[in-house]
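First comes the structure, then the notes that go with it.
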């Protein structure tokens, strides 16, 4: 929390110390010193007017240290020996000058303990010379050279004139050892611009030039950074607005010839699409869209009955080929029981028939491709597998009288089939037709034809091409298709397992047609048929589907139950004309 106190580093203040007071006290047991003339004492000792300082009458020829300069006394033109008023017991100056030098009494009594500075040798004991230690420079700062004889101190200011030496005393003291002139003329506090702790070289003309050069380099670097930043910003803005300085070209694979393996989905589609057509049917009350495929070069096209049913007897059918060409078509024949129809186009050349396969060779899991026009999207290709075979389904029944119900022993596939796919081919890996797409199972659990609008949930059903081929041939040759029959009437309300023969036929007729295939085989009313050619039958619809999967005249082995007993018999299928 900020309480208003500064948090930055505190400033360091450098102060110059004042000169201390030097006090020399004589030992109490020592005799009183001989007083020197006042003028000489004032020259050597502390400044005048300092009553607390006791000065020893010792004259030194060395100059005063500049570190403690004292204001000079104005000296008039005076003789070398200043006149001094003699005190009591002192000799006159003239007598002192003419008389021979008397024996000098030692200033101090010899110290029996030889305590410095008053011990021996000699009759007197001058104070030993003071030798100040040489300081260690801070941060490698060199000690300034002596300024003796320059008339200035280390700060570059004029030094005070040296005081006039006092008259020599009556005795000649022994010479003092030479002192270092370094400490006699160096003042560590006399250079305010360069303290002793200042790092780096001393200031001078060379340092100024370096600072100037450094400042110029800094300014130049700043200008260069500003110019570079401006140029970079301009380039960045241009690149952002225009997408770069050059045109962007992304890498891409080279174009190939477009060939695909014949058994791939693309290869199958390329082979089958030219033979697939889209049918647009319109009638007096309704219209619809479906798919068909070319059977021969004569222009016959196979499709579902519920695709062409809306045209009726006065409607129109338009065929659109995969290349976009269109032609009018006429119905050749149709059969509601098989949900198949054949139409024909005229005046069209270069038709490519789609080869027919064999649905008996199909195995569950085989890959298949469905082609059609779901929701009028022509040339749509989907792929999947055969999910099941011999799936009995019934479709239609919208009329309510059962005349439009188709019974199909279908191929089940998961290839997506939607409204508009009806009548289109289901082909194998050789691009051969193995089924005709006809019905789907809707999500509402109701079976419906492609005429409805239910979408694919992966349950599509196709009429096996073997059945479609037989019916197409009959429709082209005679205009009608024949249905195999056994000559019995089934009880469609029976809920037990198997197909039960009814007690009575339609319109009060007999349930088993006299002299029909069933009657000749020994079938009686109330019998329950449970097997056809060794395959179980669970309902009447399944029995019809199994029978219509064969041709008239085929022999069937039936298994049935009569009064709780299992029986078997063989019959030959009869024929009936369908519509």
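Residue numbers (the working numbering): 6 to 584. A virtual CB, placed ideally from N, CA and C, is assigned to each residue, including glycine. All values derive from a computational prediction rather than experimental measurement.
Residue i to residue j span [Cα, whole Å]
{"i": "residue 241", "j": "residue 435", "result": "59 Å"}
{"i": "residue 429", "j": "residue 572", "result": "43 Å"}
{"i": "residue 502", "j": "residue 352", "result": "54 Å"}
{"i": "residue 464", "j": "residue 302", "result": "33 Å"}
{"i": "residue 510", "j": "residue 365", "result": "35 Å"}
{"i": "residue 471", "j": "residue 535", "result": "25 Å"}
{"i": "residue 488", "j": "residue 275", "result": "36 Å"}
{"i": "residue 496", "j": "residue 507", "result": "5 Å"}
{"i": "residue 540", "j": "residue 563", "result": "9 Å"}
{"i": "residue 189", "j": "residue 233", "result": "Because the pLDDT at residue 189 is just 48, under 50, the model does not fix this residue reliably, and the value given afterwards should be weighed accordingly. If I take the Cα positions, the gap works out to 59 Å."}
{"i": "residue 220", "j": "residue 230", "result": "15 Å"}
{"i": "residue 306", "j": "residue 544", "result": "34 Å"}
{"i": "residue 291", "j": "residue 311", "result": "12 Å"}
{"i": "residue 3", "j": "residue 500", "result": "The structure shown does not extend to residue 3, since the chain is modelled only from 6 to 584, so the question has no answer here."}
{"i": "residue 445", "j": "residue 252", "result": "52 Å"}
{"i": "residue 31", "j": "residue 217", "result": "Any reading at residue 31 must be qualified, since the residue scores a pLDDT of 41, below 50, and its modelled position is unreliable; the value itself is stated next. The alpha-carbon atoms of residue 31 and residue 217 are separated by roughly 59 Å."}
{"i": "residue 568", "j": "residue 553", "result": "28 Å"}
{"i": "residue 237", "j": "residue 228", "result": "14 Å"}
{"i": "residue 304", "j": "residue 484", "result": "16 Å"}
{"i": "residue 460", "j": "residue 424", "result": "7 Å"}
{"i": "residue 542", "j": "residue 356", "result": "43 Å"}
{"i": "residue 570", "j": "residue 529", "result": "13 Å"}
{"i": "residue 223", "j": "residue 239", "result": "25 Å"}
{"i": "residue 256", "j": "residue 278", "result": "33 Å"}
{"i": "residue 556", "j": "residue 481", "result": "17 Å"}
{"i": "residue 320", "j": "residue 369", "result": "40 Å"}
Residue-chain proximity (residue i, chain D), Cβ-Cβ < 7 Å
{"i": "residue 284", "result": "No chain D is present in this structure, which holds just one protein chain."}
Beta-ladder partner(s) of residue i, from DSSP
{"i": "residue 574", "result": "563"}
{"i": "residue 435", "result": "Answer is none; residue 435 lacks a bridge partner."}
{"i": "residue 326", "result": "282"}
{"i": "residue 356", "result": "Beta-bridge pairing links residue 356 to no other residue."}
{"i": "residue 409", "result": "DSSP, once it has assigned bridges, lists no residue as partnering residue 409."}
{"i": "residue 335", "result": "349"}
{"i": "residue 307", "result": "298 and 347"}
{"i": "residue 580", "result": "489"}
{"i": "residue 495", "result": "506"}
Within 7 Å, strictly: CB atoms of residue i and residue j
{"i": "residue 391", "j": "residue 374", "result": "no"}
{"i": "residue 419", "j": "residue 389", "result": "yes"}
{"i": "residue 286", "j": "residue 293", "result": "yes"}
{"i": "residue 362", "j": "residue 439", "result": "yes"}
{"i": "residue 448", "j": "residue 462", "result": "yes"}
{"i": "residue 384", "j": "residue 327", "result": "yes"}
{"i": "residue 437", "j": "residue 360", "result": "yes"}
{"i": "residue 340", "j": "residue 583", "result": "yes"}
{"i": "residue 309", "j": "residue 443", "result": "yes"}
{"i": "residue 549", "j": "residue 523", "result": "no"}
{"i": "residue 441", "j": "residue 473", "result": "yes"}
{"i": "residue 271", "j": "residue 265", "result": "yes"}
Nearest candidate by alpha-carbon position, reference residue i, set the options
{"i": "residue 494", "options": "516, 500 and 247", "result": "516"}
{"i": "residue 560", "options": "569, 546 and 538", "result": "538"}
{"i": "residue 371", "options": "314, 431 and 378", "result": "431"}
{"i": "residue 521", "options": "541, 513 and 576", "result": "576"}
{"i": "residue 354", "options": "403, 299, 275 and 445", "result": "299"}
{"i": "residue 498", "options": "514, 518, 582 and 531", "result": "531"}
{"i": "residue 314", "options": "272, 273, 404 and 256", "result": "404"}
{"i": "residue 295", "options": "427, 357 and 263", "result": "427"}
{"i": "residue 547", "options": "244, 239, 245 and 505", "result": "505"}
{"i": "residue 527", "options": "566, 556 and 555", "result": "566"}
{"i": "residue 551", "options": "226, 321, 343 and 433", "result": "343"}
{"i": "residue 558", "options": "581, 356 and 542", "result": "581"}
{"i": "residue 466", "options": "247, 245, 386 and 421", "result": "421"}
{"i": "residue 518", "options": "386, 278, 318 and 579", "result": "579"}
{"i": "residue 533", "options": "574, 244 and 277", "result": "574"}
{"i": "residue 1", "options": "324, 338 and 358", "result": "The chain is shown only over 6 to 584; residue 1 falls outside these bounds and no answer can be derived."}
{"i": "residue 338", "options": "486, 316, 226 and 235", "result": "486"}
{"i": "residue 273", "options": "254, 433 and 514", "result": "433"}
Would you call the segment 385-403 and the segment 411-418 touching, i.e. three or more CB-CB distances under 8 Å?
As far as the Cβ criterion goes, the segment 385-403 touches the segment 411-418, which means the pair count is three or higher.
When you compare the segment 265-282 with the segment 324-341, are there three or more beta-carbon pairs, one atom per stretch, that lie closer than 8 Å?
yes
Three Cβ pairs or more, each shorter than 8 Å: is that satisfied between the segment 339-355 and the segment 467-483?
yes
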